[in-house]
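Student:
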Ligand SMILES: [Zn+2]
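In the numbering used here, the protein residues as written are 11 to 182.
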């Protein structure tokens with residue numbers, strides 16, 4: 011019967027794959043053992059010949075594996091949206107210290123060491139702000155969420171409220 015033949019073929023194929031997988035793996039291992047030096051050399055040669063690609067790989071890796079990479083990921087997202095500029099993790103940690111670890115909203119002042127903090131764009135990227143340090147500030151999560159796409163001035167002093175006070179944006 012055709013069905014039985016199919017079944018037989020399936021079993022045969024599975025067996026063949028298993029046997030050859032082992033043979034294939036054994037061959038690969040043996041080749042690597044025998045060509046350890048050559049293998050190592052070819053990798054470093056490839057690295058030397060492809061510095062751009064290496065940098066790309068390293069950046070991708072950093073983006074996925076370290077907190078420094080988080081800054082890179084943010085920058086990349088901002089770049090995607092067409093914003094100019096960039097910042098490093100060190101710069102934004104510095105910014106946090108400059109704000110005395112307080113939420114940049116003068117009406118809030120939450121201690122950012124105790125609450126969830128968000129890195130915010132004073133002038134949102136979607137409204138033409140850049141991803142550079144002068145346009146960045148740390149806010150607590152609720153402030154960041156309610157600021158949304160407002161600029162910091164609009165958020166702190168809505169148009170129909172009392173006259174805008176002196177900007178309390180931390181400068182250093
Ligand atoms: Zn806040």
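Built from N, CA and C at the ideal position, the CB exists for glycine as well.
Between residue 106 and residue 146, which are expected to be in contact by the criterion C-beta below 8 angstroms, what is the C-beta distance as a whole number of angstroms?
Tutor: Going by Cβ atoms, the distance from residue 106 to residue 146 rounds to 10 angstroms, so no, they are not a contact pair.
Student: Quick check on residue 113: does DSSP put it in helix, strand or coil?
Tutor: Three-state result, residue 113: coil.
Student: Taking the straight line between their C-alpha atoms, what separation do you get for residue 111 and residue 98?
Tutor: 18 angstroms
Student: If you measure between the beta carbons of residue 128 and residue 139, is that distance less than 7 angstroms?
Tutor: no
Student: Considering only C-alpha positions, which residue in the set 113, 109, 167 is nearest to residue 154?
Tutor: 113
Student: Short of 8 angstroms in beta carbon distance, which residues of its chain neighbour residue 150, apart from the five on each side in sequence? Order them along the chain.
Tutor: The residues are 113, 115, 118, 120, 122, 125, 126, 127, 128.
Student: Would you say the beta carbon of residue 115 is closer than 6 angstroms to some non-hydrogen atom of ligand 1?
Tutor: yes
Student: Quick one: what does DSSP say residue 172 is sitting in, helix, strand or coil?
Tutor: Low local confidence applies: a pLDDT of 47 at residue 172 is under 50, so the model's placement there is unreliable, and no value is given.
Student: Kindly identify the DSSP beta-bridge partner or partners of residue 150.
Tutor: Answer by DSSP bridge pairing, in chain order: 127.
Student: With 16 other CB atoms within 10 Å as the buried threshold, where does residue 25 fall?
Tutor: exposed
Student: From the DSSP secondary-structure annotation, give me the bridge partner or partners of residue 163.
Tutor: Paired residue(s): none; residue 163 is not in a bridge.
Student: Output the distance between the C-alpha atoms of residue 167 and residue 65, rounded to the nearest integer angstrom.
Tutor: Rounded to whole angstroms, residue 167 and residue 65 show a C-alpha spacing of 44 angstroms.
Student: Please report the straight-line C-alpha distance between residue 103 and residue 58, rounded to a whole angstrom.
Tutor: 34 angstroms
Student: Using 10 angstroms around the beta-carbon of residue 15, count the other beta-carbons present and answer buried if the total reaches 16, otherwise exposed.
Tutor: exposed
Student: By the three-class DSSP mapping on this structure, what secondary structure does residue 121 have?
Tutor: Reduced to three states, the DSSP call for residue 121 is strand.
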